[in-house]
Amino acid sequence: MSQTLDGPVPGAAAAALDTGALHPVTGRPAGRREIAVLMAASCMPILGAVLLSPVLPTLQRAFAGTPGVDALAPLVLTAPALMIALLAPVAGRIVDAVGRKRLLVGSLAVYAVLGTAPVLLDSLPAVLATRVGVGITEAAIMTCCTTLIADYSAGARRAKLFGLQTIVTTLAATVFFGLGGALGSSDWRTPFWLYLVGLPLAALAAVLVWSPAVPPRSTAALPPLPWRRMLVPLAVSLVGGVVFYTPIVELAYVLDGLGVTETAAIGGIAALASLATAAGAASFPRIVRRGPAFLLPLAFGLAGLGLVVMGLAPAVPVAVAGAVLASAGTGIMLPSLLTWVVSGLALEERGRGTGRWTAALFLGEFLCPLLVIALSGALSGIAAAVAVVGGVSVLVAVVVKQLRLA
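Numbering (our numbering), first residue to last: 437 to 842.
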């Protein structure tokens, strides 16, 4: 007897459903085109997170006369992450109530409009308002994409696709960071044009993506989520969000403290760490059968050890080695956490469950720099704070190891 996410299915039906949900008209599972669209759309929130990082100083200087510019300019970068954290659960409920495809197509189109709007704006508060709107659409896009990937696959194929999603978004982050720097070298507005990629993606999603049929319910109300079962995975995912983004956000500061100030050198080292994240995610399908009881302690342990080495490093090569080790651990961590949360959810619960996981992860992203700044103030600087985050990650690895995970 095979096991799907919606419970055991006997005989031939189990074999048919092992690849995931079937197209309601053709009866076929999702193919490469549908998966490619979802992978590309999953990169849109990453585009919003890293594209503008290289141009923030230029943008801040452009609006130097705006009251509170020192506080408002960084929010241009971080506001979308906060919106994802706050609204992904709402998006998850909409996904389960009205369907995946409609929300995905509409969100991609609005994302393109709001994302490019700053090109025409001359007010920092107005730019910030569009960034809040971008974050709202990103919450919907990320929730829809991850939910559909879970819908379209099961078993080993799902594990492979979750790993692939992490690889694709990690490599996209590296590319977008470089594009943001290159396009923003002449004008801070230029990188915003890249948001137009949401329009062709919306068109492709409208043609290729389909929503699986949800089993009929006796009432209009959605079934309740298994909160008790989800609470621990979501709490661990929140900590995982902090750990995941610590090497991404803080590596440049650690290197700067060790005397590496050239942007090109920092970018090259960051790219190396990004490739380590992709390599960790690539290993996930091969080790996923070991289950969360093995994968989560491994991921948090590697990430924590790497961050401790990175924070306490006396020289640049040691810091680089720590960053690579930590990033390899986070590459395993993300698909492991997502699989842990989603694996116990039925089809009609999956959107809300994925939305809450997305919220936990991005709340960790938003809190990461704030926590590191607070720790660095209490300790002897950012490097020491990074080492403390690493220690917390190792502690989580030990605690999760003691849990009885399926």
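For each residue, glycine too, the CB sits at the ideal point set by N, CA and C.
Cutoff 6 Å; reference residue i; Cβ partners in own chain excluding five residues on either side
{"i": "ILE585", "result": "LEU474 and LEU597"}
{"i": "PHE499", "result": "VAL505 and LEU560"}
{"i": "SER478", "result": "CYS581, GLN601 and THR605"}
{"i": "ARG653", "result": "Its pLDDT being 49, under 50, ARG653 is placed unreliably by the model, and nothing is read from it."}
{"i": "LEU487", "result": "PHE612, GLY616 and PRO627"}
{"i": "TYR631", "result": "ALA548, GLY551 and THR552"}
{"i": "LEU773", "result": "SER673 and GLY676"}
{"i": "GLY716", "result": "ALA764, GLY767 and ILE768"}
{"i": "VAL724", "result": "ALA595"}
{"i": "ALA688", "result": "ILE702"}
{"i": "SER638", "result": "According to the sequence displayed, residue 638 carries Ala and not Ser. These residues qualify, in order along the chain: VAL541, LEU544 and ALA545."}
{"i": "VAL778", "result": "ALA586"}
{"i": "ALA576", "result": "ALA527, LEU539 and SER543"}
{"i": "LEU405", "result": "One cannot answer for residue 405 here, as it falls past the ends of the chain, which runs 437 to 842."}
{"i": "GLY484", "result": "PRO516, VAL570 and GLU574"}
Own chain partners of residue i with C-beta closer than 7 Å, once the 5 adjacent residues on each side are dropped
{"i": "VAL832", "result": "VAL672, VAL675 and PHE736"}
{"i": "GLU801", "result": "ALA517, GLY677 and TYR681"}
{"i": "THR655", "result": "Low per-residue confidence applies at THR655: pLDDT is 45, beneath 50, and the placement is therefore not dependable enough to give any value."}
{"i": "THR514", "result": "PHE802"}
{"i": "GLU686", "result": "VAL808, ILE818 and VAL822"}
{"i": "THR573", "result": "SER543, VAL546, TYR547 and LEU550"}
{"i": "PHE521", "result": "According to the sequence as given, residue 521 is Ala; it is not Phe. So the qualifying residues of the chain are ALA795, PHE798, LEU799 and PHE802."}
{"i": "ALA718", "result": "GLY599 and ILE603"}
{"i": "LEU494", "result": "Position check: residue 494 holds Thr in this sequence, whereas Leu was assumed. Around THR494: GLY620 and TRP624."}
{"i": "LEU734", "result": "ILE768"}
{"i": "LEU640", "result": "VAL473"}
Where residue i falls, given that 16 or more other Cβ within 10 Å makes a residue buried
{"i": "TRP646", "result": "buried"}
{"i": "PRO503", "result": "exposed"}
{"i": "GLN838", "result": "exposed"}
{"i": "GLY695", "result": "exposed"}
{"i": "GLU698", "result": "exposed"}
{"i": "ARG594", "result": "buried"}
{"i": "VAL825", "result": "buried"}
{"i": "LEU691", "result": "buried"}
{"i": "GLY467", "result": "exposed"}
{"i": "SER829", "result": "buried"}
{"i": "ALA536", "result": "Inspection of the sequence shows that residue 536 is occupied by Arg rather than by Ala. Looking at its Cβ environment, which holds 16 or more other Cβ atoms inside 10 Å, ARG536 is buried."}
{"i": "PRO554", "result": "buried"}
{"i": "ALA814", "result": "exposed"}
{"i": "GLY571", "result": "buried"}
{"i": "TRP629", "result": "exposed"}
{"i": "ASP558", "result": "exposed"}
{"i": "ALA618", "result": "exposed"}
{"i": "SER621", "result": "exposed"}
{"i": "LEU667", "result": "exposed"}
{"i": "VAL834", "result": "exposed"}
{"i": "SER816", "result": "exposed"}
{"i": "ALA810", "result": "exposed"}
{"i": "PRO636", "result": "exposed"}
{"i": "ALA562", "result": "exposed"}
{"i": "PRO660", "result": "exposed"}
{"i": "ALA507", "result": "exposed"}
{"i": "GLY501", "result": "exposed"}
{"i": "ILE482", "result": "buried"}
{"i": "VAL756", "result": "buried"}
Residue i - containing alpha helix (DSSP H), residue span
{"i": "ALA796", "result": "783 to 814"}
{"i": "TRP646", "result": "Per DSSP, TRP646 belongs to no alpha helix (DSSP H) and is neither H nor E."}
{"i": "PHE736", "result": "728 to 748"}
{"i": "TYR547", "result": "536 to 552"}
{"i": "ALA757", "result": "752 to 778"}
{"i": "ARG497", "result": "492 to 498"}
{"i": "GLU574", "result": "560 to 587"}
{"i": "ALA821", "result": "818 to 838"}
Cβ neighbours of residue i in the same chain (closer than 8 Å, five flanking residues each side left out)
{"i": "ALA751", "result": "LEU694"}
Using 8 Å as the Cβ pair cut-off and three pairs as the minimum, do the stretch 768 to 776 and the stretch 563 to 573 touch? no
Any chance the stretch 775 to 792 sits against the stretch 704 to 719, with 3 or more Cβ pairs inside 8 Å? no
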